[in-house]
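The sequence shown runs 10 to 670 under the numbering used here.
C-beta atoms are modelled at their ideal positions from N, C-alpha and C, and glycine is treated no differently.
Quick notes on the structure that follows.
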Amino acid sequence: MAGSSQSSRINIRVLAYAGLALALVLFLAVNILARAGLSSSRVDLTADKLFTLSPGTYSVLSKIDEPVTLRFYYSPTLGNELPNVGKYATRVRDVLKEYAAIARGKIRLEIIEPVPFSDAEDQAVAAGLQGLPLDRTGEMVYFGLAGSNSTDDEERVPFFSPDREAFLEYDLTKLVHNLANPKRKTIGLMTALPVKGFPGTMMARLNPALARPWQLLAHLQQLFDLKEVPMDAAEIPAGIDVLLVIHPAEISAKAMYAIDQFALGGGRVVAMVDPLSEAAERSLGPGAKPVPATSGLKPLFDAWGVDMPEDKAVGDMTTARRVNAGTDSRPQAVEYPIWQILRPANFSTTDLIANGIEVMQLTSPGALSAKEGATTSFTPLIQTSARADLVDVEKIKGKPDFQGIIENFKPTGTQYTIAARISGPVKTAFPNGLPKEEPKEGEEAKADETPAEPVAAPAKPQLMESKGPIQAVIIADTDLLQDRFWVQMQDLFGQAVAMPLSNNMDFVTNALDNLTGSNDLIGLRSRGISQRPFERVEALQREAETRLRAKERELQAQREETEKKIAELQRPGQAAAAQGGQVTLSPAQQEEIEKFKGELLKIRRDLRGVQLDLRKDIERLKTRLWFFDIALIPLLVTVIAIGLGIWRMRRRRNATLAAKR
Numbered sequence: 010m011a012g013s014s015q016s017s018r019i020n021i022r023v024l025a026y027a028g029l030a031l032a033l034v035l036f037l038a039v040n041i042l043a044r045a046g047l048s049s050s051r052v053d054l055t056a057d058k059l060f061t062l063s064p065g066t067y068s069v070l071s072k073i074d075e076p077v078t079l080r081f082y083y084s085p086t087l088g089n090e091l092p093n094v095g096k097y098a099t100r101v102r103d104v105l106k107e108y109a110a111i112a113r114g115k116i117r118l119e120i121i122e123p124v125p126f127s128d129a130e131d132q133a134v135a136a137g138l139q140g141l142p143l144d145r146t147g148e149m150v151y152f153g154l155a156g157s158n159s160t161d162d163e164e165r166v167p168f169f170s171p172d173r174e175a176f177l178e179y180d181l182t183k184l185v186h187n188l189a190n191p192k193r194k195t196i197g198l199m200t201a202l203p204v205k206g207f208p209g210t211m212m213a214r215l216n217p218a219l220a221r222p223w224q225l226l227a228h229l230q231q232l233f234d235l236k237e238v239p240m241d242a243a244e245i246p247a248g249i250d251v252l253l254v255i256h257p258a259e260i261s262a263k264a265m266y267a268i269d270q271f272a273l274g275g276g277r278v279v280a281m282v283d284p285l286s287e288a289a290e291r292s293l294g295p296g297a298k299p300v301p302a303t304s305g306l307k308p309l310f311d312a313w314g315v316d317m318p319e320d321k322a323v324g325d326m327t328t329a330r331r332v333n334a335g336t337d338s339r340p341q342a343v344e345y346p347i348w349q350i351l352r353p354a355n356f357s358t359t360d361l362i363a364n365g366i367e368v369m370q371l372t373s374p375g376a377l378s379a380k381e382g383a384t385t386s387f388t389p390l391i392q393t394s395a396r397a398d399l400v401d402v403e404k405i406k407g408k409p410d411f412q413g414i415i416e417n418f419k420p421t422g423t424q425y426t427i428a429a430r431i432s433g434p435v436k437t438a439f440p441n442g443l444p445k446e447e448p449k450e451g452e453e454a455k456a457d458e459t460p461a462e463p464v465a466a467p468a469k470p471q472l473m474e475s476k477g478p479i480q481a482v483i484i485a486d487t488d489l490l491q492d493r494f495w496v497q498m499q500d501l502f503g504q505a506v507a508m509p510l511s512n513n514m515d516f517v518t519n520a521l522d523n524l525t526g527s528n529d530l531i532g533l534r535s536r537g538i539s540q541r542p543f544e545r546v547e548a549l550q551r552e553a554e555t556r557l558r559a560k561e562r563e564l565q566a567q568r569e570e571t572e573k574k575i576a577e578l579q580r581p582g583q584a585a586a587a588q589g590g591q592v593t594l595s596p597a598q599q600e601e602i603e604k605f606k607g608e609l610l611k612i613r614r615d616l617r618g619v620q621l622d623l624r625k626d627i628e629r630l631k632t633r634l635w636f637f638d639i640a641l642i643p644l645l646v647t648v649i650a651i652g653l654g655i656w657r658m659r660r661r662r663n664a665t666l667a668a669k670r
């Protein structure tokens with residue numbers, strides 16, 4: 010029996026060692042197989058799916074024909090000094106690796122650590138990346154991306170600002186898209202306003218400010234190829250990526266039909282309309298002819314599911330601009346709600362077009378809304394506050410009654426949309442084909458004349474519905490492009506330099522830039538961020554700060570009251586000092602001062618007590634988090650392991666006893 014028992018123990022020990030050896034072999038085998046077969050497999054377990062790329066990005070990466078090289082420059086010193094930036098850098102690096110993996114060899118990713126005063130740093134500087142000094146030694150750190158294609162076109166992200174983390178995927182996909190499609194984009198410009206000015210005419214001598222070209226032309230020509238499209242064009246020329254329509258007053262029917270067909274065929278449109286264009290009121294249009302102050306594209310808007318009342322302007326008391334309601338000799342400043350200065354609260358925080366816009370100046374904008382039953386999506390980009398109302402255009406034309414408008418202004422509690430993105434399938438605005446031209450005002454058809462022949466339709470067959478979702482941005486204001494509302498010309502060493510005053514032109518440029526991309530790029534939206542704030546800790550801090558501010562106000566009030574009493578007690582002494590006598594503090598004054606000191610010490614103790622409570626609350630929270638995150642799980646695993654061990658020992662012992670019986 011003893012020999013059998015000993016042999017049994019040896020067999021169990023051998024089996025145990027063999028089991029451990031097999032477990033080790035299995036562990037190594039699984040790792041080797043996983044490394045060989047699952048190296049490209051990834052699982053995104055983040056709350057906001059930070060590493061799960063959009064279908065649009067997959068589409069852009071799958072269409073790369075020529076290889077693209079991306080060089081990611083990152084200085085680890087930056088992450089050591091600023092841990093939050095280091096965490097963001099890890100995300101950027103991982104996302105770039107994901108791009109390279111999806112592109113299957115079409116993206117060559119190089120990760121470079123630019124050591125100070127090295128060749129890598131020289132390459133980063135030559136690529137146009139922005140260095141950041143961390144200290145006074147002159148050492149620069151880098152956190153940017155430089156991209157190039159086979160034809161030596163270059164794109165870059167000078168510095169990955171954590172403020173743009175929500176738009177990281179868009180920025181990277183746009184960079185890759187531009188390198189894969191390096192051709193300069195073409196913008197078609199259609200407008201009734203005198204944006205080209207009147208150089209070399211009598212107007213140039215009478216009013217040089219009105220005669221010179223608008224700065225928007227120079228700005229657009231720096232970024233795009235600009236092609237003028239007449240207001241009576243029968244067809245939008247081929248090769249135009251985005252059509253920019255500015256104040257289409259008295260646009261011809263055939264031109265509106267051309268815009269309709271352009272949009273249905275996949276062309277993108279930025280339409281800027283206005284219930285009251287002050288630029289049109291104050292200047293002449295092309296050909297030195299008056300331009301109507303109101304513009305719209307009602308047939309197209311109806312088809313696109315958008316409504317804009319052309320006889321109403323929207324005002325907002327929250328964003329009202331201060332104007333002079335009096336005269337030059339007797340000025341009177343009032344807050345005029347029709348002229349507005351918009352701030353970040355008025356701009357969309359999720360759409361890329363409004364990203365980075367801080368301030369805009371608008372005058373008499375219109376109000377956009379989605380029509381009931383529309384087949385398109387209506388995404389507001391600019392909105393008023395709730396202290397807004399619609400005002401009849403007739404009341405604000407010419408020299409308006411500022412005081413009367415303000416007195417009769419009744420906020421409705423509604424937020425009105427001034428600019429919106431439109432996307433979705435639509436049908437033609439002209440189901441019966443190209444409409445006849447209506448006779449202009451003052452031109453009546455004579456009864457004895459033969460009616461004019463209808464305008465022949467273009468040779469191309471008419472599109473009755475969009476080939477895909479249309480892409481358009483509608484802005485219900487055109488005055489924002491006037492120089493005086495967004496730019497100021499300054500003389501710098503004999504050269505005229507444009508100094509931006511607002512983000513008006515940036516907003517329009519963002520819209521054009523976004524719409525020049527592919528549908529895949531346009532479809533990208535903001536994503537989550539990797540920085541996860543300690544909301545409970547921040548709530549505790551806010552609560553404590555509120556209590557601290559209350560105590561501080563109490564202290565300030567008590568101090569002011571005490572100082573007032575002391576001043577009253579000192580007046581007799583000050584009068585004596587003025588007559589050459591000696592100033593001495595009375596017992597009452599001394600008592601009051603001591604009382605104040607005592608109250609001051611008490612308040613300071615209370616303040617320290619509040620701060621101590623804050624630290625205690627945070628420490629208790631940290632202790633709980635530490636326990637749950639670090640101690641609880643290992644403890645549970647240990648308890649389960651011990652339980653399993655005890656259960657196995659009991660089962661083995663019961664089996665041994667049963668065998669002996």
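Between T525 and A288, the CB-CB gap reaches or exceeds 8 Å. The continuous stretches of alpha helix (DSSP H) do not include F126, and DSSP gives it neither H nor E.
Beta-bridge partners assigned by DSSP to S378: D316. With respect to the 8 Å criterion, A280 and A155 are not classified as neighbours on the basis of their beta carbons. Between V251 and R277, the C-beta gap is smaller than 8 Å, which places the two residues in contact.
Annotation for P444: A262 place their beta carbon closer than 6 Å to its own, counting only its chain and skipping 5 residues before and after. In the DSSP secondary-structure assignment, R165 is bridged to A155. Within the model, the alpha-carbon separation for T78 versus R165 is close to 11 Å.
Here R662 carries a helix assignment [DSSP, helix/strand/coil].
Across the structure, K404 and L181 are spaced so that their CA atoms are roughly 49 Å apart.
Pairing E178 with S71, the inter-Cα distance amounts to about 16 Å.
Following the DSSP letters along the chain, one finds A520 inside the alpha helix (DSSP H) bounded by residues 513-524. Our two residues, Y266 and E237, have alpha carbons roughly 17 Å apart in a direct line. The beta carbons of K321 and L399 sit about 4 Å from each other, so the pair counts as a contact at 8 Å. Distance check between I255 and each of T437, S68, L232, V282 places V282 closest, using alpha-carbon atoms only.
In this structure the segment 308-320 does not touch the segment 407-420; the number of beta carbon pairs closer than 8 Å is below three.
Looking at the backbone, the Cα of A247 and that of D269 are separated by about 15 Å. The secondary-structure analysis by DSSP pairs D325 across a beta bridge with A397. Following the DSSP letters along the chain, one finds D234 inside the beta strand (DSSP E) bounded by residues 234-237.
M265: member of the alpha helix (DSSP H) spanning 262-273, first to last residue. In the DSSP annotation of this structure, the continuous segment of the beta strand (DSSP E) that includes Y82 starts and ends at 77-83.
Residue environment analysis places S159 among the exposed positions, since fewer than 16 neighbouring C-beta atoms fall within 10 angstroms of its C-beta. Straight through space, the alpha carbons of S286 and P346 are spaced by roughly 16 Å. Judged by DSSP secondary structure, V101 falls outside any beta strand (DSSP E) and instead within the alpha helix (DSSP H) spanning 92-112.
With at least 16 other beta carbons inside 10 angstroms of its own, N355 counts as buried. Three or more beta-carbon pairs separated by less than 8 Å link the segment 365-372 to the segment 511-519, which places the two stretches in contact. Taking A312 as the centre and dropping the five residues before and after it, the same chain places the C-beta of V435, A438 closer than 6 Å to its C-beta, in chain order.
Annotated three-state conformation of T426 is strand, per DSSP. Boundaries for T336: no beta strand (DSSP E) harbours it, and the DSSP string shows neither H nor E there. Here DSSP, grouped into helix, strand and coil, assigns G197 to strand.
Shown here, V435 sits in coil according to DSSP, grouped into three states, outside any helix or strand. Following the DSSP letters along the chain, one finds T487 in no alpha helix (DSSP H), marked with neither H nor E. DSSP, reduced to helix, strand and coil, places W656 within a helical segment of the structure shown. When C-alpha distances from R352 are compared across E122, K115, R330, G335, the shortest belongs to R330. Relative to E119, the option among A342, V648, S157 whose CA is nearest is S157.
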